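Numbering (the UniProt record's numbering), first residue to last: 1 to 368.
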């Protein structure tokens, strides 16, 4: 049960169309895939997708931290020591959550494969039957966003999430046009990605009240939890925290300040499944429902999030739409564009196609 070798692949995941949010526009996704091989011949896969606006990591910095700092800590160690890995990794280098998440996910996958059980069995067992996926719409002209929302409803999506945050008045118009285009009964969710001030957020929420927005995600800056708390406490609308919440300590801060009604947990912000599960438990104790979010990851990290979401009663929604947004994946996702349905296959439940990985790779490092 020892770790023999770790391989690090830098892959570019092409997007079907550019993805525009309040603070950036993406043409493709820079991902790092990690493969851990054991002395017993078993393999586990993990992934890191960085967002320098959120975690301060870049593609190359995460590569160096994984290959030079963190992966060497695991060589020769037992792969069931996930908690010990995190303690050692945090002592070695602070923060760098995406880099830690890649190895955390690979360790979980490897351990579940060794135990011959699906990963969700190690995370508490199946709670939800399947996971319904939203359609996430990039920040565009109101008419185009409405058109895409109409098509999403026709494809069978039960919820639509729209990206906003560049201009409050235009954002209200986007909300109105999208709601008018949507089928009855389909939920509408809004994500401003830090794009508004507290006053602007309250203005948009007030003006959008006729359009039945289910919740507003991260309306204000990552740096200002007090502003998020002011918005949450000044409105009856549900407010979800995202970018400022990187781990258990940040969850505690939300609870103490009553800063949000919901929290978006992302494996890339929390350092992987180990901390993300603890965050969901803390949310359960504090009556704060959680969502499992995405950095637009491949099927590898998407499925890691899906296993946790499937297993936890306090995870009530997800944004696991990365595979639907990229045009070339490294494995075949189970389910469809509108839902994820996990089987009882061991580990993450898919076979990573190494030919696809190498075709998409820009660099490859080996640690042994």
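Heads up, the beta-carbon is just placed ideally off N, CA and C, and yes, glycines get one too.
Being a predicted model, the structure only gives us computed values, none of them experimental.
Excluding sequence positions up to five away, which residues of its chain have a Cβ less than 6 Å from the Cβ of residue i?
i           : result
residue 247 : 270, 275
residue 14  : 28, 327, 328
residue 365 : 8, 67
residue 144 : none
residue 222 : 194, 243, 244
residue 54  : 243
residue 323 : 299, 302, 329, 333
What does the Cβ neighbour count give for residue i, buried or exposed, with the cut at 16 atoms within 10 Å?
i           : result
residue 63  : buried
residue 39  : exposed
residue 261 : buried
residue 111 : buried
residue 249 : exposed
residue 305 : buried
residue 52  : exposed
residue 83  : exposed
residue 349 : buried
residue 185 : exposed
residue 266 : buried
residue 109 : buried
residue 226 : exposed
Just the Cα atoms here: how many angstroms apart are residue i and residue j?
i           : j           : result
residue 307 : residue 91  : 28 Å
residue 163 : residue 264 : 15 Å
residue 98  : residue 49  : 6 Å
residue 130 : residue 310 : 7 Å
residue 172 : residue 155 : 25 Å
residue 245 : residue 362 : 31 Å
residue 57  : residue 96  : 7 Å
residue 85  : residue 142 : 47 Å
residue 153 : residue 188 : 11 Å
residue 268 : residue 46  : 11 Å
residue 120 : residue 288 : 22 Å
residue 116 : residue 89  : 27 Å
residue 312 : residue 334 : 19 Å
residue 207 : residue 200 : 11 Å
residue 180 : residue 167 : 20 Å
residue 302 : residue 290 : 16 Å
residue 292 : residue 358 : 29 Å
residue 183 : residue 159 : 10 Å
residue 80  : residue 251 : 26 Å
residue 218 : residue 75  : 39 Å
residue 61  : residue 30  : 12 Å
residue 126 : residue 319 : 19 Å
residue 278 : residue 87  : 15 Å
residue 211 : residue 354 : 46 Å
residue 34  : residue 224 : 34 Å
Give the C-beta separation of residue i and residue j to the nearest angstrom, bearing in mind that I take them to be a contact with Cβ-Cβ under 8 Å.
i           : j           : result
residue 230 : residue 198 : 5 Å
residue 300 : residue 352 : 7 Å
residue 23  : residue 194 : 7 Å
residue 321 : residue 6   : Going by Cβ atoms, the distance from residue 321 to residue 6 rounds to 28 Å, so no, they are not a contact pair.
residue 19  : residue 240 : In fact, because the Cβ distance is near 19 Å, the residues do not count as touching under 8 Å.
residue 65  : residue 36  : Residue 65 to residue 36, Cβ: 16 Å. No contact.
residue 344 : residue 118 : 5 Å
Nearest CA to the CA of residue i: which residue from the options?
i           : options            : result
residue 255 : 283, 278, 240      : 283
residue 339 : 128, 287, 235      : 128
residue 342 : 298, 361, 132, 357 : 132
residue 134 : 57, 143, 161, 233  : 161
residue 136 : 124, 151, 126      : 151
residue 70  : 357, 113, 107, 56  : 107
residue 42  : 65, 2, 280, 249    : 2
residue 356 : 250, 335, 302, 330 : 330
residue 17  : 148, 81, 78, 120   : 148
residue 258 : 286, 332, 94       : 286
residue 124 : 334, 315, 336      : 315
residue 317 : 294, 251, 334      : 294
residue 336 : 77, 183, 157       : 157
residue 4   : 30, 73, 323, 54    : 73
residue 370 : 277, 332, 218      : Past the boundaries of the shown model lies residue 370; the chain is included only from 1 to 368, so the question cannot be answered.
Between which residues of its own chain and residue i is the CB-CB distance below 8 Å, once the five residues before and five after are set aside?
i           : result
residue 237 : 205, 209, 213, 215, 216
residue 21  : 138, 139, 163, 165, 191, 193
residue 202 : 231, 234, 235
residue 170 : 142
residue 12  : 28, 29, 30, 31, 360, 362
Tell me which same chain residues have a C-beta within less than 7 Å of the C-beta of residue i, skipping the five on either side of it?
i           : result
residue 10  : 32, 59, 63, 361, 362, 363
residue 113 : 42, 44, 346, 347
residue 272 : 100, 101, 104, 105
residue 177 : 142, 143, 145, 146
residue 174 : 142, 145, 162, 164
residue 77  : 2, 3
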